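In this note's numbering, the protein residues as written are 52 to 352.
Right, here's the structure in full:
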């Protein structure tokens, strides 16, 4: 599976690791206009605006179109994948400390064979991650850190992700309330392999993929910025090709769970601004399509 889909699917990753990478990348000057897709859902009592997020972006994307700005202002309740307050980051870091480190006396390089060690050294060179940071990390977490290091070398940052920006905007006015579909722990558990052998195998594959494609997110961001749902869906489908079980776990099951929660929200007299990974809003299995299938009036692309 193309690994950047994780950054469409699990916001807890970027949230937990933001402090280490928020300042990465080169300074930017010119602003680039974007027109991301947004949907409006009408319920029996409530209205919801759905905006697809890219969790890591350059800082010079101007994404607040007049329509999005009006929706941000109208909303009284903001909904994210996970809670956005400071305690969430602390909880995510606690989860990483408990589940992301190797037993005392074991180092990550010691688990790798000669070929994997060569790929590991190359991944460190590409990502510019300090090897000492990875020394005691479990493979699943080490791969995430290497991925994020590589991504931020492309001038991208979790701090510029749409989720973080929407939350910051919402904080400028009083009287707003907040909800979340999941906990950080639930998101991390989706990404930890079931056993150590599989975890190491996936790490080996991830190292080779990182070395070969450097996790280029340019096409993904370009499609999102142009509101090109077909292109985004094509990228997502290509990433999940041959991995129907992973697609079910990361997207399909979660979308259905979120729709169930949304139905309850839409029966309440609130205006919601909902920000989730763009991959969750695409195609016939996406949240907007599932809501349409249940009879809700959904306006948008």
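Here a beta-carbon is modelled for each residue, glycine too, at the ideal position from N, C-alpha and C.
Every value quoted in this text rests on a predicted model; they were computed, and no experiment measured them.
Check: Under the three-state DSSP convention, the category residue 275 falls into; Outcome: helix
Check: Nearest-angstrom beta carbon gap, residue 177 and residue 268 [assumed within contact, 8 Å]; Outcome: About 14 Å separates the two Cβ atoms, so there is no contact after all.
Check: Buried or exposed by the 16-neighbour rule on C-beta atoms within 10 Å, applied to residue 179; Outcome: exposed
Check: Length at least 3, wholly inside the stretch 301–338: the beta strand (DSSP E) runs in chain order; Outcome: 322–328
Check: Residue 347 in three-state terms, based on DSSP; Outcome: coil
Check: Assigned exposure category for residue 89 - 16 Cβ within 10 Å defines buried; Outcome: buried
Check: Backbone CA spacing between residue 204 and residue 213 [nearest angstrom]; Outcome: 19 Å
Check: Start and end residues, beta strand (DSSP E) containing residue 184; Outcome: Counting along the chain, residue 184 falls outside any beta strand (DSSP E), though it belongs to the alpha helix (DSSP H) covering 182–185.
Check: Simplified DSSP state of residue 103, which is helix, strand or coil; Outcome: strand
Check: Nearest-angstrom Cα separation, counted from residue 347 out to residue 193; Outcome: 42 Å
Check: Cross-strand partners of residue 89 (DSSP beta bridge); Outcome: 102
Check: Proximity of residue 206 and residue 84 at Cβ, strictly below 8 Å; Outcome: no
Check: Reference residue 245, options 228, 262, 191, closest by Cα; Outcome: 191
Check: Straight-line Cα distance separating residue 172 from residue 324; Outcome: 43 Å
Check: Residues near residue 231 in its chain [Cβ-Cβ closer than 8 Å; skip 5 each side]; Outcome: 130, 131, 132, 133, 134, 135
Check: Sub-8 Å separation of residue 310 and residue 333 beta-carbons; Outcome: no
Check: Identified DSSP bridge partners for residue 254; Outcome: Bridge partners of residue 254: none, in fact.
Check: Opposing strand residues paired with residue 204 [DSSP bridges]; Outcome: For residue 204, which the question treats as bridged, DSSP gives no partner whatsoever.
Check: Residue 120 beta carbon less than 8 Å from that of residue 100; Outcome: no
Check: Three-state class that DSSP yields for residue 291 in the structure shown; Outcome: helix
Check: Residue 142 and residue 328 closer than 8 Å at C-beta; Outcome: no
Check: Residue 170, buried or exposed, once every other Cβ within 10 Å from all chains shown has been counted against 16; Outcome: buried
Check: For residue 230: DSSP bridge partner residues; Outcome: 130
Check: Cross-strand partners of residue 113 (DSSP beta bridge); Outcome: 84
Check: Rounded straight-line distance, which links the Cα of residue 251 to that of residue 82; Outcome: 41 Å
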